[in-house]
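A.B. asks:
Chains as they are written, first to last, in my numbering: chain S, 2 to 429; chain A, 2 to 429.
#1: Indicate whether at least one CB of chain S lies closer than 8 Å to the CB of residue 142 (chain A).
#2: Name the chain S residues that come within less than 7 Å of residue 152 (chain A), Cβ to Cβ?
#3: Going along the chain, which residues of its own chain have a beta-carbon closer than 8 Å to the beta-carbon of residue 402 (chain A), five neighbours each way excluded?
#4: So with Cβ pairs under 8 Å, would you call residue 331 (chain S) a contact of chain A?
#5: If you draw a straight line from the alpha carbon of residue 136 (chain S) to that of residue 54 (chain S), how long is it in whole angstroms?
#6: Kindly confirm or deny that the stretch 100 to 116 of chain A and the stretch 67 to 81 of chain A touch, where touching means at least three C-beta pairs closer than 8 Å.
#7: From residue 375 (chain A) to residue 267 (chain A), what does the alpha carbon distance come to, in whole angstroms?
#8: Between the Cα of residue 68 (chain A) and the Cα atoms of A:7, A:341 and A:428, which residue gives the shortest distance?
#9: Starting from residue 42 (chain A), follow the beta strand (DSSP E) in both directions and report where the run begins and ends.
#10: Select from S:222, S:186 and S:215 the residue whose C-alpha is nearest the C-alpha of residue 157 (chain S).
#11: Given a limit of 8 Å on CB to CB distance, which residues of the stretch 354 to 377 of chain A reach chain S?
#12: Report the start-end ranges of each alpha helix (DSSP H) in the stretch 354 to 427 of chain S that is 4 residues or longer and not cut off at the edges.
#13: If you count every other CB in all the chains shown that lies within 10 Å of the CB of residue 107 (chain A), and 16 or more means buried, which is it?
#14: Pull up the DSSP beta-bridge partners for residue 263 (chain A), would you.
#15: Is there a Cβ from chain A that is less than 8 Å from the Cβ of residue 133 (chain S)?
#16: Compute the beta-carbon to beta-carbon distance between residue 255 (chain A) and residue 262 (chain A), rounded to the nearest angstrom, for a pair I have assumed lies under 8 Å.
#17: In chain order, what are the residue ranges of uninterrupted alpha helix (DSSP H) at least 4 long that sit wholly in the stretch 69 to 130 of chain S?
#18: Going by beta-carbon coordinates alone, are residue 241 (chain S) and residue 199 (chain S) separated by less than 8 Å?
#19: In the structure shown, what three-state DSSP assignment does residue 244 (chain S) receive?
#20: Could you check which residue in A:170, A:162, A:207 and A:89 has the C-alpha nearest to that of residue 131 (chain A)?
#21: Give the interface partners of residue 314 (chain S) over in chain A, defined as CB-CB distance under 7 Å, in chain order.
#22: Out of S:87, S:112 and S:83, point me to the one whose CA is closest to residue 65 (chain S)'s CA.
#23: On a Cα-Cα basis, can you pick out the residue from A:3, A:4, A:62 and A:14 that is closest to residue 312 (chain A)?
#24: I want to see whether chain A comes within less than 8 Å of residue 310 (chain S), judged by CB atoms only; does it?
#25: Any contact of the stretch 136 to 152 of chain S with the stretch 302 to 318 of chain A, i.e. 3+ C-beta pairs under 8 Å?
#26: Starting from residue 318 (chain A), find everything on chain S with Cβ-Cβ shorter than 9 Å and list it in chain order.
#27: Looking at the unbroken alpha helix (DSSP H) that takes in residue 171 (chain S), where does it start and where does it end?
#28: Suppose the cutoff is 8 Å on Cβ atoms and the five residues either side in sequence are ignored; what does the same chain contact list for residue 283 (chain S) look like?
#29: Pull up the distance between the alpha-carbon of residue 220 (chain S) and that of residue 351 (chain S), whole angstroms please.
#30: Do the stretch 409 to 422 of chain A and the stretch 356 to 363 of chain A meet, that is, are 3 or more Cβ pairs less than 8 Å apart?
#31: Short check: CB of residue 238 (chain S) to CB of residue 172 (chain S), under 8 Å?
#32: For my contact list, residue 56 (chain S) and residue 9 (chain S) are in at a C-beta cut-off of 8 Å; report their separation, rounded to the angstrom.
#33: How many angstroms separate the CA atom of residue 234 (chain A) from the CA atom of residue 167 (chain A)?
#34: Give every residue of the same chain whose Cβ lies closer than 6 Å to the Cβ of residue 155 (chain S), excluding the five residues on either side of it in the sequence, and list them in chain order.
#35: Along chain S, in chain order, which residues have C-beta atoms closer than 8 Å to that of residue 40 (chain A)?
#36: Using a cut-off of 7 Å between C-beta atoms, extract the partners of residue 295 (chain A) located in chain S.
Right, dumping it as structure tokens:
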């Protein structure tokens, strides 16, 4: 029985998950491939650290990347280190040494994907990344292969389990943001430094990867509008519920007259939508193709085994062939840069919550400000509970541009009865 | 620019859908493949029939299967004829002539898949079938590739859009079965002869295909317990709703101690489950892998363009290579026959509705019959509205075997106060 050896860079959560699956499912993998898969080398920073999991009997640890790259037995390098610069150097070296690469690193692919895919194409090698978006959900394969013939018009995703867990806890159990965050950290769902997750950057990295796959276009990460969830309050979650919505951290990209409208932002999602029902640390992706129509994929977006499963599917795909993979799902040519729709021109429904003094004429003034900016009101509710003489007034608008809403908010915030900055979310 | 030519057998709904997508997305397909795809020959029964769609400028019609098979330009034969014997002969001839095959024919694959996959393996050819289950939802690719390293423990699906549409209309609009069926026929969702759809056989064909993919086992179609939806009444839908359930036509297969428990049946699904929210003519599949955990896929299960999209993805996969595809997702060896769990031993919660005379002691007698058979009651409600002196008594049980429930029902139906046969559904 032939064995395919992999070199594993990083032995944290996902690396140990992969090792566990390789062990528990080895007979299964053999039935599918007619071959065994074994880990040969494991690259770690600290050789003396005690590890809870074992990479298998044929593996040895090393702290030197060159040992992984230069090992003639290793035909596939699996990068699960985290960070950007070290994995970038490692993957570049692996491709230059003629080895296929599997990575879960969305941050690296969002920042340097174009350059790395070009190198892989030049070398005729696989650079596979199923684990980089939505953990175990078969996302990359769906865009690259299963819906290869579909022209995708829209992708909407809940792509960060930590943020979704926090919002779900705030919604279901009425927690404040900071309490929900601490709870997520206690449960291991959030990192000690949760910035990438809660500020939306992790979601943004994944969205850039998805835009490449869905539209065959390069959308620079630095151009992507990103808003996180740190400002979401139980109050807005409650008001949103009263109107029949849930607040979710949404990644969205769509074609609008040849340009791409994309962004990451907390938004109100109608509770009847399947996306609104994605709970806890789950992820979901809804795409719309011109032939297939809408498709939704739902599953665990993180964790050692779900993400390890995605890494393993890439390894198995590379072992099965083809010889010259199209890693992006398109022929190996440089990808055009997206024509970006200026975020100000994005049109949708909006949720506004103004905090104002409890006196006559307030509603009329705000309604007039909206009318002046061409924004039409769908629903308006003054929330009764006056606190220190101030009240919340909540508006749901009809479709309006982000620019018009920016002007409306500036107008409201400049009014003398306004007590606090107006809160604003998009509605899906 | 190189062109890959396909031979198309059948030019009905899906065949015309495929032709439309090939035309509208041709530049997109070219970006992905670096090649064009064109239809060369179209096999039809009636050469004189006027067609609403065009198969493209390079295509000609024929009524002779040999013209498709013998055309040296045709490298992929796409079978979209329907039926069993004619497509079986065509696919066998195509494989023997060294041509890859794409089919949407679940009926054929359920009955003769083992023999056809063996022939394809012998010839080293692709026999791809993404369109055979759940239309445009990437189902086959998910099992065969994206989750190739996962050991699947359970697959649950809503796989027939017609049946789901009928049940949804009965649930949402309170229609009788026959009214909902007529409406589905008027809308083109149901065939003139809807037997395969409403009696559960179409779902059964798909489930046999899924069992092969998920477990690598051959489950003979003739062994599969199948129950359709013709007996579902608005009354049971209403009672199920009152307990927090929806009635859905479910296909289910799972591993139980090394044996396969599988079947097609209408069942009560808790309304909070995503599966309960699959509406209209949509399909969904929920699978559970030992690494990935639960994954749900949701989308349109039928229609010209969604199904055409799936056919196209197979064609594109075959054009991209590999040389020796494993069509079943396992190495090309004969598949073992499943160890089948006797359906009587399947354990789950159950819904029972007894129709009885409205007199004292009835509830006690039925409860005693359950206790005698070791069945424990979770909820019991007597529905007040006495009709001709008879009332409905509805029970939700705790976990019990199908065999115990069969005995309970026989006991109830033998009681002198019982007016009509007791209605029974499983609960997911």
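Quick reminder that beta carbons are idealized off the backbone N, C-alpha and C, glycines included. Since the structure is predicted, the reported quantities are computational estimates derived from the model, not experimental observations.
C.D. replies: According to the structure shown:
#1: Taking Cβ atoms only, chain S reaches closer than 8 Å to residue 142 (chain A), which makes this a yes.
#2: At a C-beta separation below 7 Å, residue 152 (chain A) has these neighbours in chain S: 26 and 29.
#3: Counting only Cβ-Cβ distances below 8 Å, and skipping sequence neighbours, we find 345, 346, 347 and 348.
#4: Residue 331 (chain S) counts as touching chain A.
#5: Straight-line spacing of the CA atoms in residue 136 (chain S) and residue 54 (chain S) works out to 20 Å.
#6: Contact between the stretch 100 to 116 of chain A and the stretch 67 to 81 of chain A is present, with at least three C-beta pairs closer than 8 Å.
#7: Going by the C-alpha atoms only, they are around 24 Å apart.
#8: Residue 68 (chain A) has its Cα closest to that of A:7, out of A:7, A:341 and A:428.
#9: 37 to 44 is the span of the beta strand (DSSP E), which, as asked, contains residue 42 (chain A).
#10: For the residues S:222, S:186 and S:215, the minimum Cα distance to residue 157 (chain S) belongs to S:215.
#11: The stretch 354 to 377 of chain A vs chain S, Cβ under 8 Å: nothing.
#12: 363 to 373 and 403 to 415, all fully within the stretch 354 to 427 of chain S.
#13: With a 10 Å radius around the Cβ and a threshold of 16 neighbouring Cβ atoms, residue 107 (chain A) comes out buried.
#14: Residue 263 (chain A) pairs with A:254.
#15: No, because no Cβ of chain A sits closer than 8 Å to the Cβ of residue 133 (chain S).
#16: About 5 Å separates the beta carbons of residue 255 (chain A) and residue 262 (chain A), which is inside the 8 Å limit, making them a contact pair.
#17: For the stretch 69 to 130 of chain S, the full-length alpha helix (DSSP H) segments reaching 4 residues or more read 86 to 97 and 107 to 124 along the chain.
#18: Cβ atoms of residue 241 (chain S) and residue 199 (chain S): not closer than 8 Å.
#19: DSSP places residue 244 (chain S) in coil when its eight states are reduced to three.
#20: Nearest option by C-alpha distance: A:207.
#21: Within 7 Å Cβ-Cβ: 146, 147, 148, 149 and 150.
#22: If we check each option's Cα against that of residue 65 (chain S), S:87 comes out closest.
#23: Among A:3, A:4, A:62 and A:14, the Cα nearest to that of residue 312 (chain A) belongs to A:14.
#24: So yes, residue 310 (chain S) belongs to the interface.
#25: Contact between the stretch 136 to 152 of chain S and the stretch 302 to 318 of chain A is present, because at least three Cβ pairs lie under 8 Å.
#26: Here the neighbours are 146, 147 and 149.
#27: 162 to 174 is the extent of the alpha helix (DSSP H) around residue 171 (chain S).
#28: The answer, listed in chain order, is 159, 162, 165, 299, 300, 301 and 302.
#29: For residue 220 (chain S) and residue 351 (chain S), the gap between their C-alpha atoms comes out near 25 Å.
#30: Because the criterion of three Cβ pairs below 8 Å is met, the stretch 409 to 422 of chain A and the stretch 356 to 363 of chain A touch.
#31: Yes, Cβ-Cβ distance for residue 238 (chain S) and residue 172 (chain S) is below 8 Å.
#32: About 7 Å separates the two Cβ atoms, so the contact holds.
#33: Straight-line spacing of the CA atoms in residue 234 (chain A) and residue 167 (chain A) works out to 11 Å.
#34: Closer than 6 Å at Cβ, skipping near neighbours: 255 and 289.
#35: Ordered by position in chain S, no residue passes the 8 Å Cβ test against residue 40 (chain A), which lies about 14 Å from the chain.
#36: Residues of chain S passing the Cβ test: 300.
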